[in-house]
Every structure is written in structure tokens, then in C-alpha cells.
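> Just so you know, we're using this note's numbering here: the sequence shown kicks off at 1 and counts up by one.
Can you keep this structure in mind? I'll have questions shortly.
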Amino acid sequence: MIGSFYQPKAVVIDIKTLDTLNEREFFAGAAEIIKYGCIRDIRFLSGWKRIRCR
């Protein structure tokens, strides 16, 4: 079927990769996380108020 996808069996995350991003890419990614979190549940935003950016 065209346009369909399946959930992954596993997700591997290496947070050291974040150190390779320039500031613009880092904050663009953070904005995407916030956007999708708020779409799912606006209460997600309250957690971000406690996080201090690098």
C-alpha cells in the first residue's frame, strides 16, 4: 500500500549525536519536539518550562 508505514521494532538513540549539531539545527529539532508534544497533549509544554537549554 502506498503511503503506509509501520511502527519500528526498536529505536536506538545516541544523545552524543546532539553535540554534532550547530545551534540552528539543535533548536529546529527542539521546536519539532515541542510542536508534536503539544499536538498530542498541551500539558507537555509545562515540562519544557523546567528544562534549561544549553
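Note that the Cβ used here is the ideal one computed from N, Cα and C, for glycine as well.
Return the Cβ separation of residue 27 and residue 18 in integer angstroms, given the expectation that the two are a contact with Cβ distance under 8 Å.
Rounded, the Cβ-Cβ distance is 11 Å, inconsistent with contact.
> In three-state DSSP terms, what is residue 18?
Reduced to three states, the DSSP call for residue 18 is helix.
> Applying the criterion that 16 or more other CB atoms from any shown protein chain within 10 Å of the CB defines a buried residue, is residue 42 buried or exposed?
Classification of residue 42: exposed, given that the 10 Å Cβ count is below 16.
> Which one of 24, 44 and 23 has the shortest CA to CA distance from residue 33?
Here the closest residue by C-alpha is 44.
> Hey, quick one: how far does the alpha helix (DSSP H) through residue 30 stretch, first residue to last?
From DSSP, the alpha helix (DSSP H) with residue 30 extends over 23-40.
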